[in-house]
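Quick note: the sequence shown uses our numbering, first residue 3, plus one each step.
Encoded as structure tokens, the structure appears first; notes follow it.
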Amino acid sequence: MSEASPEPHRHERDARRGSREPVFNLPGIVLFAIGLCVAIQLIRVYVLTPQQDIELLIRTAFIPIRYSGEYQLDIYAFISPVTYSFLHGSFTHLLVNMVWLAAFGSPLANRLGVVRFSLFWIVTAVAAAALHYSLHSMEQAPLVGASGAIAGMMGAAARFGFQIDRSSGRAAFSGAPLPVSMVFRSRTVVTFLVVWMVINFATGIISFTPGISGRIAWEAHVGGFLVGFFGIHFFDRRRDLAAG
3 MSEASPEPHR
13 HERDARRGSR
23 EPVFNLPGIV
33 LFAIGLCVAI
43 QLIRVYVLTP
53 QQDIELLIRT
63 AFIPIRYSGE
73 YQLDIYAFIS
83 PVTYSFLHGS
93 FTHLLVNMVW
103 LAAFGSPLAN
113 RLGVVRFSLF
123 WIVTAVAAAA
133 LHYSLHSMEQ
143 APLVGASGAI
153 AGMMGAAARF
163 GFQIDRSSGR
173 AAFSGAPLPV
183 SMVFRSRTVV
193 TFLVVWMVIN
203 FATGIISFTP
213 GISGRIAWEA
223 HVGGFLVGFF
233 GIHFFDRRRD
243 LAAG
């Protein structure tokens, strides 16, 4: 009696193993960013006293009035346009942002790599703070949240037409960034842009989102989005590879 070859069984095991891949196969830099945001929120809520938390916000949140000329510009004035993006107003605020970070940040990080993705985060976070400052230069309320940088990732996603390549085993945005004229010919992209803008303006005007206290800084979202949308080609490493 002949025995069956073990090869089919091995292929079946490989197929089953592949089917058990995690739903969210997040890049390391995205996991790091999520872990950092979560750790900071946990420390603020469960470790720091209310006074210590206020002192942390004064140092690391983006506070427009800091740049009015009435206050001395210290090291925190230079780092807070970035550090604010790792702080959140509540666990609901944190959860919403981390879900969007996983969804839009993962394919972008796989496309750009660790260094360029980190630079993209920094630039879009600064851009978000800058537009917020231009409209609220004397505001004392601190700006916190990763949504400005995440909005930049959404802007970049729109330039790729939301096209994902999974051939390498890691989902990444595919193709060259679309010319702006072509972006506005895509029904999918235009629908996304319209819905995104309407939601941002609506939440900003109504100033209410369940579980999130304080005003929604829609201006910061727009600032990050615009830089991500128009500036993604400066960060795209495949542009350099094509040029070489």
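Think of the CB as a built atom: it goes at the ideal place given N, C-alpha and C, for glycine as much as any other residue.
Straight-line gap, residue 104 to residue 236 (C-alpha atoms, nearest Å): 22 Å
How far does the alpha helix (DSSP H) with residue 223 in it reach, from first residue to last? 220-233
Measuring only the C-alpha atoms, how far is residue 173 from residue 33? 15 Å
How many Å lie between residue 55 and residue 63 at the Cα? 11 Å
Compute the distance between the beta-carbons of residue 88 and residue 42, then report whether it is under 8 Å. yes
Kindly list the residues whose CB is nearer than 6 Å to the CB of residue 122, restricted to its own chain and excluding five residues on each side of it in sequence; keep chain order. 237
Residue 167 versus residue 111: straight-line alpha-carbon distance, rounded: 13 Å
Is there contact here, the region 123-133 with the region 148-156, by at least three beta-carbon pairs under 8 Å? yes
Per-residue burial, residue 68 [other beta carbons within 10 Å of its own, 16 or more giving buried]: buried
Less than 7 Å separating the Cβ of residue 172 from some heavy atom of the ligand NAD? Ligands in the displayed structure: none, and consequently the ligand NAD is not present.
What does residue 166 pair with, by DSSP beta-bridge criteria? 175
Let me check understanding here. Comparing Cα to Cα, which of 45, 187, 86 lies closest to residue 60? 86
List the residues that DSSP assigns as beta-bridge partners of residue 237. Answer is none; residue 237 lacks a bridge partner.
Is residue 100 buried or exposed, if buried means 16 or more other CB atoms sit within 10 Å of its CB? buried
Identify every residue that forms a DSSP beta bridge with residue 64. 145
For the putative contact between residue 1 and residue 158, defined by C-beta atoms under 8 Å, what is the C-beta separation to the nearest angstrom? No answer is possible for residue 1: the residues shown for the chain start at 3 and end at 246.
If I follow the unbroken alpha helix (DSSP H) through residue 46, where does it start and stop? 30-48
Along the alpha helix (DSSP H) that carries residue 131, what are the first and last residues, could you check? 116-137
Three-state secondary structure assigned by DSSP to residue 161: helix
If you follow the alpha helix (DSSP H) that residue 96 is part of, which residue opens it and which one closes it? 93-102
Reduced DSSP category for residue 107 - H, G, I as helix; E, B as strand; rest coil: helix
Between residue 71 and residue 178, what straight-line distance do the alpha-carbon atoms span, to the nearest angstrom? 44 Å
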